[in-house]
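Student: Okay, handing you the structure first.
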Amino acid sequence: MPIKVLEPELASQIAAGEVVERPVSVVKELVENSLDAGAFQITVEIKGGGVDQVRVIDDGEGIPADQVALAFQHHATSKLTRQEQLDCIGTLGFRGEAIPSIAAVSQMTMTTRPHDTGGGQQVQYQWGQKVSEGSQGCSPGTSVTVSDLFANLPARRKFLKSNSAETARIRELIDRYALAFPGVRFQLVVEGRTSVATPGSGRPEEALLAVYGPEIASGMLRVQEDDPESGYGVDGFVSAPRLNRANRTYMTFFINRRWIQSRMLSFALEEAYHGLLPERRYPLAALNLTVPYSDVDVNSHPAKREVRFVDESKVYSTLQRAVRAALIADSPVPVLGRSGFGSGQPSANDGAASPSFFRSAFDRPGSSGRGAGGQQGNEYGALTAAGFTPQQALPALRVVGQVRLTYIVAEGPDGMYLVDQHAAHERVLFDRIVRKAADQSPESQPLLAPMTVDLTPGQAEAFHNNLAFLAAYGFEVEAFGENSYLLRAVPSVMTSQNPAQSLVDILDMVAFEGLLRQHDDVLAASIACHSAIRAGKSLTEPEMRALLEELEVTDNPHTCPHGRPTLIHFSEYQMDREFGRR
Ligand code: ADP
Ligand code: MG
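Just so we're aligned, residue 10 is where the sequence shown starts under the numbering used here, counting upward by one.
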């Protein structure tokens, strides 16, 4: 067939395919336009799953009458003028493709009025052709109605899911934007009924409550970290470990308030919960990362769903540190301490939606602000000083029992100890691996039959950077073709059913951890983490006793190799004070 330039109509239908996959893409583009226009209030009305109709009404800056039709032309945008701006994009839109693409596959009406003009303008399009334009009275702002989506493209309609499935996607999208823009009043109306409405107060916890309801909201922790020097920061919410899900659906990430999908960020988040969640359980999160505009390329995906970072490791470590700080700040010590020291904090169960609910659920000392890493209020400071005795080795402990299949309760010469079983085991394994390596007597377990392992380039790099350590810790691996390796033996501490998969997992951890901190022990820490017992595992008394005995003889029994505490100590003095005996 000879090469031909496509007819304009066909060309724009093809272009539309990249931007407009389904009704939720229409809603996304229109809502992003409203946000770019500085709207404080955005109402989204949908009918028939968004296929019959999507209407987005905003109170943003509007479009001057003589420019409305321009918005319907390809590559027409008010957001980008010079090429160098592409390196520094602060708006959600920038390609000038959305309006013409949606207009090509629907019946579309735009009515708009800038705040400083008396009247409005209306333009109507049908399958990409303008059918009318004229002045039209309306309130300031813009309203866009998109009807009969894909009616001219039956093939695409076939790929749509049920109305309720399409509606669910739209609800999810609005939820996410509402969380990222707590200063905007969002309202989603489905078939005439309000499905979600946020107050637009600017207070993130109020947006969270409106979107997820009191039960989830009360289980979420505030994350807030800024580094004005580098321009990187994190803001939002993550779930306390007791609140978790079976999949990653509830993880939402924004970069500079643009919703994106990123395996790297999910991984950083999951790493921060390392050891705190049972296997195959995932946290909830809604986090906005602030990244200097010049450090992120937003122009790398047709629907702008993915971005590229100049400094991926910086993004990774910023997120992971901020989340871990929030989780540590939520540890049980300050809670016990607070009630005892008489600060009179109500519990999170008091009056779900009342203002006091916010104070108790979110404004707990140390869970917001930059001091979350441990510089909490006086109460925590006092407890920490009295509780931890970092210089001393751990005394002999007597096992009392196990709590939530996660913590071991033990008694020592001065009070009670709560031990995190995963963190403690990790410390024990780590010390053993490193000690044996130093003695040049790695404990190695040969496999019955060698296994082949295929590595991705990232994993292979981690592998080659750690060749000497792998051998020193008890791995026997040899190259076996292009990306394949032959695994012959593993460190004895590894009890995995699938050693090949474990090696891959460990290399993944090393690759990411290595970005965070360049130190020699990354591999040992990853092996220990992978092999240590998890939270959620029931332990017998002899098992708990053995673990504590092993922990007692480690050099640094108070923290796991990642720096998290392995145990919390409640002195007799503290306990007596809590009960009013002193
Ligand atoms: P982009 O957002 O990439 O610029 P669009 O096709 O989405 O491209 O929109 C084209 C232009 O129309 C925008 O640059 C903007 O000037 C104008 N526009 C679209 N929607 C709105 C709105 N809700 N309020 C004000 N201006 C809008
Ligand atoms: Mg746009």
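Ideal placement from N, C-alpha and C gives every residue a C-beta, glycine not left out.
(1) Using the Cα positions of E112 and E41, report the straight-line distance between them to the nearest angstrom.
(2) N265: beta carbon under 8 angstroms from a heavy atom of the ligand MG?
(3) Cβ of G209 within 9 angstroms of Cβ of F103?
(4) Work out the CA separation of Q196 and E559 for me, nearest whole Å.
(5) Quick one: grab the DSSP three-state call for G572.
(6) Taking only the alpha-carbon atoms, compute the straight-line gap between L169 and T176 and give it to the nearest angstrom.
(7) Identify every run of the alpha helix (DSSP H) within the segment 459-498, keeping only runs that are complete inside it and at least 4 residues long; order them along the chain.
(8) Ordered along the chain, which non-local residues of its own chain (more than five positions away) have a Cβ less than 7 angstroms from that of K56?
(9) Alpha carbon to alpha carbon, how far is T126 from T52?
(10) Here's the rule I'm using: 16 or more other beta-carbon atoms within 10 Å means buried, otherwise exposed. How should G128 be labelled?
(11) Between the segment 404-423 and the segment 260-267, are three or more C-beta pairs nearer than 8 angstroms?
(12) Roughly how many whole angstroms lie between the Cα atoms of T299 and L274?
(13) Have a look at the DSSP bridge pairing and note the partners of I51.
(14) Please determine whether the Cβ atom of M167 lies at a distance below 8 angstroms from any heavy atom of the ligand ADP.
(15) So, for P287: in the same chain, excluding its five sequence neighbours on each side, which residues have a beta-carbon less than 7 angstroms away from its beta-carbon?
(16) Does the distance from the C-beta atom of R194 to that of T207 stay below 9 angstroms?
(17) Between which two residues does the beta strand (DSSP E) harbouring M584 extend?
(18) Does the ligand MG have even one heavy atom less than 8 angstroms from the beta-carbon of I269?
(19) Do you know whose CA, among T151, V307, V114 and V140, lies nearest F159's CA?
(20) Between V33 and the rest of its own chain, which residues show a CB-CB distance below 6 angstroms, the 5 nearest in sequence each way excluded?
(21) Going by DSSP, what residue range makes up the beta strand (DSSP E) through R267?
(22) Compare the C-alpha of G105 against each of Q82, G59, E561 and V77 and name the closest.
(23) What residues does the ligand MG have around it, judged by CB closer than 5 angstroms to any heavy atom, in chain order?
(24) Just confirm the distance between the C-beta atoms of Y482 and A432, as a whole number of angstroms; I'd bet it's less than 8 angstroms.
(25) Do V247 and L293 have their C-beta atoms within less than 9 angstroms of each other?
(26) Quick one: any contact between the segment 441-450 and the segment 571-587, if contact means 3 or more CB pairs under 8 angstroms?
(27) Just to confirm, are I515 and S535 a CB contact at a threshold of 9 angstroms?
(28) Hey, S152 and T120: beta-carbon distance below 9 angstroms or not?
(29) Taking Cβ to Cβ, would you say H310 is nearer than 9 angstroms to Y426?
(30) Could you tell me which of N308, I66 and S227 sits nearest to V198, measuring between CA atoms?
(31) What residues in its chain sit with their C-beta under 8 angstroms from that of Q145, if we drop five residues either side in the sequence?
(32) CA-CA distance, V14 and D157?
(33) Need the endpoints of the beta strand (DSSP E) that S173 sits in, please.
(34) Taking the alpha-carbon of V232 as reference, which of V243, R251 and F478 has the nearest alpha-carbon?
(35) Is D564 near the ligand ADP, in the sense that its beta carbon is under 8 angstroms from a heavy atom of that ligand?
(36) With T207 as the anchor, note down where its alpha helix (DSSP H) starts and where it stops.
Tutor: Well, looking at it:
(1) Before going further, note that residue 112 is Ala rather than Glu in the sequence given. Taking the straight line from one Cα to the other gives about 16 angstroms.
(2) no
(3) no
(4) 57 angstroms
(5) coil
(6) 11 angstroms
(7) 466-474 and 476-482
(8) Q62 and E200
(9) 22 angstroms
(10) exposed
(11) no
(12) 13 angstroms
(13) D67 and F195
(14) Looking at the sequence shown, residue 167 is not Met but Lys. Checking every heavy atom of the ligand ADP against the Cβ of K167, none is found closer than 8 angstroms.
(15) R543, A544 and G545
(16) yes
(17) From DSSP, M584 is part of no beta strand (DSSP E) but of the alpha helix (DSSP H) over E581 to E587.
(18) no
(19) V114
(20) R178, I179 and L182
(21) R267 to I269
(22) Q82
(23) N42, G102 and A107
(24) The pair is not a contact, with the Cβ atoms about 20 angstroms apart (cut-off 8 angstroms).
(25) yes
(26) no
(27) yes
(28) yes
(29) no
(30) I66
(31) T120, G128, G129, Q130 and Q131
(32) 28 angstroms
(33) Premise fails: S173 lies in the alpha helix (DSSP H), N172 to A189, not in any beta strand (DSSP E).
(34) V243
(35) no
(36) Run containing T207: none; DSSP gives neither H nor E here.
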